[in-house]
Amino acid sequence: MIRNPSLRDLPLGIQQKYIIVTSNYVARQHGVTKLMSVSDAKEKCPQLVLVNGEDLTCYREMSYKVTDLLMSHCPLVERLGFDENFVDVTELVESRLKETPLSALSFVGHIYNQETSAVSAKDYPRLAIGSHIAAELRDAVHTKLGLTGCAGIASNKLLAKLVSGAFKPNQQTTLLPECTVTLMHSLSGLRRVPGVGPRTAQRLQALGLHSVSDLQLFPLVDLVKEFGEAHAKRIQNLARGIDVSMVTPTGPPQSLSDEDSFKKMSTMAEVSQKIEELLASLIDRMHKDGRQPMTFRLTIRRLSTANKWFNRESRQCPIPSFLSQKIALGSSDVLTHLVTVAVKLFHKLVDTSEAFHLTLINVCFCNLQSRSVSRGSIASFFSHKPPQKPQSSSRHTGPPSPRQPISPTPTQSHGRRGGSDYSVEERTGASRSPKTSGLEEGAFPRLPPDVDPDVFKVLPQHIQEELLSNFQTERSGIPSVLTTDLEDQTGFSHIFPEPLKRASQSVRSEERGAVCREYDAGSSREDGNEFSVPQDPVGMRVEHDNSSKSVTSNSVSGADFPHNVDPCVFSQLPADMQRELLSEWRQQKPIFKMPSRPSGTGGASRDKKTKGPQTNNLLKYFKPS
DNA sequence: TGGGGTCCT
DNA sequence: AGGACCC
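Residue numbers (the UniProt record's numbering): 1 to 625.
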């Protein structure tokens, strides 16, 4: 629609092979739905206009423009597919809060399950500010890129995503912590919980679980038997609206792939031709990215007699270094060399002396390495991390120019992710750390300043609740997320405003490629954008003993909650506090502060694992020390 | 029932 | 290498 505004008011469907992958709202009104076959769609809506969306190039480019724009406002952006982004706006919120009198606060947009006019922004200062940030981001995306979309503002990614769909076309909604339970119960089935896919839903169903509350109340012990501890706890927490995952800045892609599906392919001639075609486009994209792929993977799908769905098989191999150099440099004879490599892999997958029937071929570059900053110096053999990764989310502006010692960004102290540096943890730590000081001390407990936590915890529950509900207020570091999605609706045709500058670097994009869907479909969109913002108030309540329902059990129960903590209360806590508490509980024995990371370059490695919680002390507010 | 992606095992 | 998840 952006490319051709005249389609704006017509029912439009984006087609990939035989299905309508998405459509605009006009088409939806005629009954066209998301992954409907072309024939069904035409039946429901004979005037449906179809646009081929198999080449994702333009969608991918637009997608990164959105991500980059968001990053220019706030660096912590996590992509989810091509049309959704989570943005952790905690810091932005905190800084605005400092310079904003409470009396000047307001909410913009919808508030889930409440009248916006009936809610006092002073009671939820962070969420209120978050709602304004979301509105600003949506406006920026609209005015600079011509795209519209929804946003959800909540205390964690799960909630932000779920609430973003509350008001559909091009609106935003904020979730107040006390409405979390209602939101979760509003989901029609377990499949609606992001993170519960078809497989998990099926296994849950076999256990007799169908609704969100079924999962909330199911004994964790039994859940663990089916799924293992980690998965069990995670999905049960999700059902309760608890999501301790961080907004992980996405950075440049980890892999680039290109694929095509077809009814039938059964000769080597067709296969090598298709491989060549796919590779040509992939190499071009890879070249524009500028990084060097260290690994190549070939994937196929065979016509499956029974098990129709997803049987994909793959083989991968390292890419000879002379070839990966050439790819980055844009050498022209790379194609034939890579086709040779791919064909060899193909023979590992398919015995061509027998008949075969393929329905898909995929080629993929992964293990992408940024080119050494220090050119080929030996130094690069000593540093564990792939130098440089930098910048913008998108394609990492290729190296300034192929080959060339590129000088910029000499090792930035620690890149934000990309290949390997620490990210999650670091991020966590970082995000917390600054606030840490603020956090652990004063503001942290969500208690009024004049209340001694040690005294508070021994008060009767209803007194605690009362104190807290009056205090409503806030706390300090909370995560926030925002996602944005797009859709176009407005559309001017091509107004791509322009690259926007990101903190000092520029962004670029690639061009050709593959296929697509979503965005342009017209005005439609889906939902995207979620924003999660901080949260505010609400109370905590500690139960000593008695464990209410859930679960039981001892030490680890209800999804890992200590027996003295009510999951419902827990779910109302800000996400970062939830994270801290969980990680402390998990390490029961308190705080062996993990070796702590030297943080510097030395250890590098550690990409994203280990959730090492540090900072703690939260626990003391919950248990009798 | 696409053509992409991510992370975990 | 495959499996789960997301869009």
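Glycine included, every Cβ here is placed at the ideal spot set by N, Cα and C. These numbers were taken from a predicted model, which means no experiment stands behind them.
In this structure Leu256 touches Leu282 by the C-beta definition: roughly 6 angstroms separates them, less than 8 angstroms. Excluding residues up to 5 positions away in sequence, Leu298, Val339, Ala342, Val343, Phe346, Ile361 and Val363 lie with their Cβ nearer than 8 angstroms to the Cβ of Ile275 in the same chain. In this structure, the straight-line span from the alpha carbon of Leu209 to that of Leu10 is close to 42 angstroms.
DSSP places Met294 in the uninterrupted beta strand (DSSP E) bounded by Gln292 to Arg302.
Nearest Cα to Glu43 within the set Gly53, Asn52, Glu54 and Gly31: Gly31. The C-alpha of Gln292 lies about 13 angstroms from the C-alpha of Val334. Per DSSP, Arg191 lies in no beta strand (DSSP E) segment and is marked neither H nor E.
When DSSP states are grouped into helix, strand and coil, Phe86 belongs to the strand group. In its chain, beyond the 5 residues on either side, Ala201 have a beta carbon closer than 6 angstroms to the beta carbon of Arg191. Shown here, Ala151 sits in a strand according to DSSP, grouped into three states. At the C-beta level, Val193 and Val212 come within 9 angstroms of one another. Look at Thr33 here: in three-state DSSP terms it is coil, with no helix or strand label. Rounded to the nearest angstrom, the gap between the Cα atoms of Gly228 and Arg240 is 18 angstroms. By the 16-neighbour rule on beta-carbons within 10 angstroms, Asn307 is exposed. When beta bridges are read from the DSSP output, Leu209 appears opposite no residue. Separation of Leu76 and Ser188 (C-alpha to C-alpha, rounded to the nearest whole angstrom) is 31 angstroms.
With fewer than 16 other CB atoms across the displayed protein chains lying within 10 angstroms of its CB, Gln254 is exposed.
Going by beta carbons, Arg301 and Arg312 fall inside the 9 angstroms limit. Under the three-pair Cβ rule at 8 angstroms, the stretch 165-174 does not count as touching the stretch 89-96. The C-alpha of Ile14 lies about 9 angstroms from the C-alpha of Val49.
Between the stretch 352-359 and the stretch 259-272 there are three or more C-beta pairs closer than 8 angstroms, enough to call the two in contact. By the Cβ criterion, the stretch 100-116 is not in contact with the stretch 73-88, since fewer than three pairs of Cβ atoms, one from each stretch, lie closer than 8 angstroms. Gly13 carries a strand assignment under DSSP once its states are collapsed to helix, strand and coil. Membership of Ile20 in the beta strand (DSSP E) is indicated by the continuous run Ile19 to Ser23. For His231, the secondary structure class from DSSP, reduced to helix, strand or coil, is helix.
When only Cα atoms are considered, Met36 and Arg199 end up about 21 angstroms apart.
With respect to Phe365, Thr305 sits apart: the two C-beta atoms are not nearer than 9 angstroms. Residues Val212 and Gly241 of the same chain have their beta carbon placed closer than 6 angstroms to that of Met184, with the five preceding and five following residues left out of the count. CA-to-CA, the gap between Ser321 and Tyr64 works out to about 29 angstroms. Around the C-beta of Asp123, 16 or more other C-beta atoms lie within 10 Å, and the residue is accordingly described as buried. Only residues of its own chain outside the window of five on either side were considered, and among them Val108 have a CB closer than 6 angstroms to the CB of His132, listed in chain order.
In this structure, DSSP gives Cys58 a helical state, which the three-state scheme calls helix. A direct Cα-Cα distance of roughly 42 angstroms separates Ala280 from Leu238.
Asn237 carries a helical assignment under DSSP once its states are collapsed to helix, strand and coil. Leu158 is positioned such that its CB atom lies no closer than 9 angstroms to that of Asp214.
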